[in-house]
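Down below is the structure, laid out as structure tokens.
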Amino acid sequence: MPHKNILIKSAVAIVVATLSSNLYASGFQINESSASGLGRAFSGEGVIADNASSGNRNPASMTMFDRPTFSGGVIYVRPTVEVTGTSPSGSDMSVSDITPNEWVPNLHFIYPLNDRWAVGTSITSNFGLSTEFGDNYVAGPLAGTTELVTGNLNASAAYRINDFFSIGAGLNAVYAKAKIIRHAGENKNGLPNNTEVAHMKGDEWGYGWNAGLMYEIDKDNRVGLSYRSKVDIDFKGDYRSSLPSKYNGMQSITGMPWGTDGKTVSGNLTLNLPEIWELSGYHKVAPKWAMHYGLSYTSWSQFQELKGTDSDGNTLFYKHEGFRDAYRMSLGTTYYHNETWTYRAGIAFDDSAVPANNRSISIPDQDRLWLSAGTTYNFTPDASVDVGISYMHGQKVKIEEKLNNAPNSPVYSFESKGKAWLYGVNLNYTF
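The numbering of the sequence shown is our numbering, which starts it at 13 and goes up by one.
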């Protein structure tokens, strides 16, 4: 197998699950699927059906369209994350700007076949993040460079049962590309701080499905329920570490990853990306005003540990995660000013997926508050542009984390806080 392909299998799951997640949704989830949704804090996304992005959140909503429609755009995320703390030896662990700015694109298309059937496709991202600590960072085994980019390709179909009920279902192919680098940091073994104790990168595919139901009370009021299945990603590939292999027999004492003397060995790891339930509602309460809301529930409790093993069953990498199920609540309003301008706003709360006793510097998950606003400008009855902006404020959290899995491992104390500005734009066209 070519060396390029050798590296792309086992590492990705470790990368996905050891990401810092100050900036997006609970865990390492991403919500940024449209600029219009961004402007209302993604409230009511599964039933509003004001552009083609609706089919991504609830395929049943595609029956709301009577002509082919397209939406494509990008959301720009500008985060600020600060970490403070002092190591047991007294070294300063303060660092800022560990998360780079990111672009999150989206594409959506819906094609109604007749008055009952519609099909559609979307390309979005549901998971991902990027963090970077310096090579000589004191807590090297807990930090380092971590990058994840995912793309979700969804193909779905919807059927209108009658004037009130519609159903839909689809298939998802998830592509993940990631990289992780960890260093020794300060240690009593005489290793330089920048010694690489783990260096992994790769990509892999996983597959799942989604389904949705929508109930139209009348033309101005509707509710919907959607489900996105978990995605199992099985990685079979390689693992590499610069740690001396002669210490592997003392792994339970040192707590360090499996050393390979810089050589590559085979590795296996399975990661389950969680299932997501979402309830959406839309109600036009006045000729020019509407309200909308959403409640999502993500089964993060399926994610309890990371364990990479080689072909002989040796543990290459282990990290307890202990996630819990988490929810997200959102509420928004839309004002239909005239045929040219539409205005929207929203507020949302993201519940942290990580209990306080399981927080780590690699996943300093925290509760988050969203404040959002946006607008739509119609160039013509068939062409429009959406613009959205959100401010996300994360709660300051304290983290007490052992440096490694050894019984006598030193404990590192951190404080982490994050905020982010998100800016989105989408172009929409109805054929």
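Virtual Cβ for every residue (Gly too), placed ideally from N, Cα, C.
Remember, predicted model here, so these are calculated numbers, not experimental data.
Whose C-beta lies closer than 6 Å to the C-beta of Tyr435 among residues of the same chain, with five residues either side of it excluded? Numbered from 1 along the sequence shown, position 423 holds the residue referred to as residue 435. Result list for Tyr435: Tyr88 and Ile401, in chain order.
Which of the three DSSP states, helix, strand or coil, is assigned to Gly261? Walking along the sequence shown from the start, residue 261 turns up at place 249. Gly261 falls in the helix class under three-state DSSP.
Check whether the stretch 195 to 210 and the stretch 158 to 173 touch, using three or more Cβ-Cβ pairs below 8 Å as the test. no
Which residues mark the beginning and the end of the alpha helix (DSSP H) in which Ala47 is found? As a first step, residue 47 must be located in the sequence shown, where it is residue number 35. Unbroken alpha helix (DSSP H) run through Ala47: Ala47 to Gly51.
Where do the N-terminal and C-terminal ends of the alpha helix (DSSP H) with Asn68 fall, by residue? Working through the sequence shown from its first residue, we reach residue 68 at position 56. Residues Ser66 to Arg69.
Are the stretch 314 to 322 and the stretch 343 to 354 in contact at 8 Å, needing three or more beta carbon pairs? no
Same chain, Cβ closer than 7 Å to Tyr389, five either side skipped, listed in chain order: Position 377 of the sequence shown, counting from 1, holds the residue named residue 389. Excluding sequence neighbours, Tyr389 sits near Thr352, Trp353, Ser396 and Val397.
Give the single residue among Pro153, Pro286, Asn118 and Ala169 whose Cα lies nearest to the Cα of Gly220. Numbered from its first residue, the sequence shown carries residue 220 at position 208. Out of Pro153, Pro286, Asn118 and Ala169, Pro286 has the C-alpha closest to the C-alpha of Gly220.
Should Tyr167 be labelled buried (16 or more other beta-carbon atoms within 10 Å of its own) or exposed? Taking the sequence shown and counting its residues from 1, one reaches residue 167 at position 155. One detail in the question is off: residue 167 reads as Ala in this sequence, not Tyr. The residue in question, Ala167, is exposed, as its Cβ has fewer than 16 Cβ neighbours within 10 Å.
Let me confirm a value: Ile411 is counted as buried when at least 16 other C-beta atoms fall within 10 Å, else exposed. Which label applies? In the sequence shown, residue 411 corresponds to position 399, counting from 1. Ile411 should be labelled buried.
Residue burial classification, Lys191 (beta-carbon count within 10 angstroms, cutoff 16): Translated into the one-based positions of the sequence shown, residue 191 becomes position 179. Burial call: buried.
Which of helix, strand or coil does DSSP assign to Leu307? Locating residue 307 in the sequence shown gives position 295, counting from the first residue. Reduced to three states, the DSSP call for Leu307 is strand.
If we call anything under 9 Å between Cβ atoms a contact, is Val243 one with Gly224? Walking along the sequence shown from the start, residue 243 turns up at place 231. Walking along the sequence shown from the start, residue 224 turns up at place 212. Contact: no.
What number of angstroms, rounded off, separates the C-alpha of Gly102 from the C-alpha of Ser425? Against the sequence shown, residue 102 aligns to sequence position 90. Against the sequence shown, residue 425 aligns to sequence position 413. Computed Cα separation, rounded: 11 Å.
Under a Cβ-count criterion, where at least 16 other Cβ atoms within 10 Å of its own Cβ denotes burial, should Ser142 be classed as buried or exposed? Looking up residue 142 in the sequence shown gives position 130. Looking at its Cβ environment, which holds 16 or more other Cβ atoms inside 10 Å, Ser142 is buried.
Would you check if there are 3 or more beta carbon pairs closer than 8 Å linking the stretch 77 to 95 to the stretch 246 to 257? no
How many angstroms separate the CA atom of Arg336 from the CA atom of Phe315? As a first step, residue 336 must be located in the sequence shown, where it is residue number 324. As a first step, residue 315 must be located in the sequence shown, where it is residue number 303. The straight-line gap from Cα to Cα measures roughly 8 Å.
Supposed contact pair Val437 and Ala196 - C-beta distance, whole angstroms, cut 8 Å: Taking the sequence shown and counting its residues from 1, the one referred to as residue 196 is at position 184. Taking the sequence shown and counting its residues from 1, the one referred to as residue 437 is at position 425. Between Val437 and Ala196 the Cβ distance is about 44 Å, and since that is not below 8 Å, they are no contact.
Contact belief for His405 with Arg52 at Cβ below 8 Å, rounded distance in angstroms: Within the sequence shown, numbered from 1, the residue matching residue 405 stands at position 393. Within the sequence shown, numbered from 1, the residue matching residue 52 stands at position 40. About 18 Å; that fails the 8 Å criterion.
What residue range is occupied by the uninterrupted beta strand (DSSP E) comprising Ile110? The residue labelled residue 110 in the question sits at position 98 within the sequence shown. From DSSP, Ile110 is part of no beta strand (DSSP E); its letter is neither H nor E.
Residue range of the beta strand (DSSP E) that includes Gly271: Along the sequence shown, read from residue 1 onward, the residue named residue 271 stands at position 259. Careful: Gly271 lies outside any beta strand (DSSP E) and carries neither H nor E.
Which of helix, strand or coil does DSSP assign to Asn369? Indexing the sequence shown from 1 puts residue 369 at position 357. In this structure, Asn369 counts as helix in the three-state DSSP scheme.
Indicate the three-state DSSP secondary structure (helix, strand or coil) for Ser313 in the structure shown. For the purposes of this step, residue 313 is taken as residue 301 along the sequence shown, with counting starting at 1. Residue state, collapsed to three classes: helix.
Three-state secondary structure assigned by DSSP to Leu434: For the purposes of this step, residue 434 is identified with residue 422 of the sequence shown, where counting begins at 1. In the structure shown, Leu434 sits in a strand (DSSP, three-state: E or B).
With Ile135 as the anchor, note down where its beta strand (DSSP E) starts and where it stops. By 1-based counting over the sequence shown, the position of residue 135 is 123. Ile135 -> beta strand (DSSP E) spans Trp129 to Thr136.
Using a threshold of 9 Å, state whether the C-beta atoms of Lys431 and Val423 are closer than that. Position 419 of the sequence shown, counted from the start, is the residue given in the question as residue 431. Position 411 of the sequence shown, counted from the start, is the residue given in the question as residue 423. Cβ distance not < 9 Å, so Lys431 and Val423 don't count as in contact.
Report the residue ranges of all alpha helix (DSSP H) runs contained in full by the stretch 276 to 355; include only those spanning at least 4 residues, in chain order. none
Determine the closest residue to Tyr355 out of Tyr309, Gly85, Thr387 and Asp246, with distance taken between C-alpha atoms. In the sequence shown, counting from the first residue as 1, residue 355 sits at position 343. It is Thr387 whose Cα lies nearest to the Cα of Tyr355.
Straight-line Cα distance separating Met341 from Gly358: Along the sequence shown, read from residue 1 onward, the residue named residue 358 stands at position 346. Along the sequence shown, read from residue 1 onward, the residue named residue 341 stands at position 329. If you take the alpha carbons of Gly358 and Met341, they lie about 11 Å apart.
Give me the Cβ distance between Val86 and Trp115, rounded to the nearest whole Å; I'm assuming they're in contact under 8 Å. As a position in the sequence shown, residue 86 is number 74, starting the count at 1. As a position in the sequence shown, residue 115 is number 103, starting the count at 1. Confirmed, Cβ separation roughly 5 Å.
Report, in whole angstroms, the separation of the C-beta atoms of Asn440 and Ser83, which I expect to be a contact under 8 Å. For the purposes of this step, residue 440 is identified with residue 428 of the sequence shown, where counting begins at 1. For the purposes of this step, residue 83 is identified with residue 71 of the sequence shown, where counting begins at 1. Indeed they touch by this definition, with Cβ atoms about 5 Å apart.
Is Tyr227 closer than 9 Å to Phe177 when the C-beta atoms are compared? Numbered from 1 along the sequence shown, position 165 holds the residue referred to as residue 177. Numbered from 1 along the sequence shown, position 215 holds the residue referred to as residue 227. Against a cut-off of 9 Å, the Cβ pair of Tyr227 and Phe177 comes out as a contact.
Buried or exposed for Val297, going by 16 or more other Cβ atoms inside 10 Å? Locating residue 297 in the sequence shown gives position 285, where the first residue counts as 1. With fewer than 16 Cβ atoms within 10 Å of its Cβ, Val297 is classed as exposed.
Would you give the residue range spanned by the beta strand (DSSP E) that Asn233 belongs to? Along the sequence shown, read from residue 1 onward, the residue named residue 233 stands at position 221. Start and end: Asn233 to Arg240.
Starting from the C-beta of Asp127, find all residues in its chain whose C-beta is less than 8 Å away, skip the five residues before and the five after it, and write them out in chain order. Here residue 127 refers to the residue found at position 115 of the sequence shown. Contacts found: Asp78 and Arg172.
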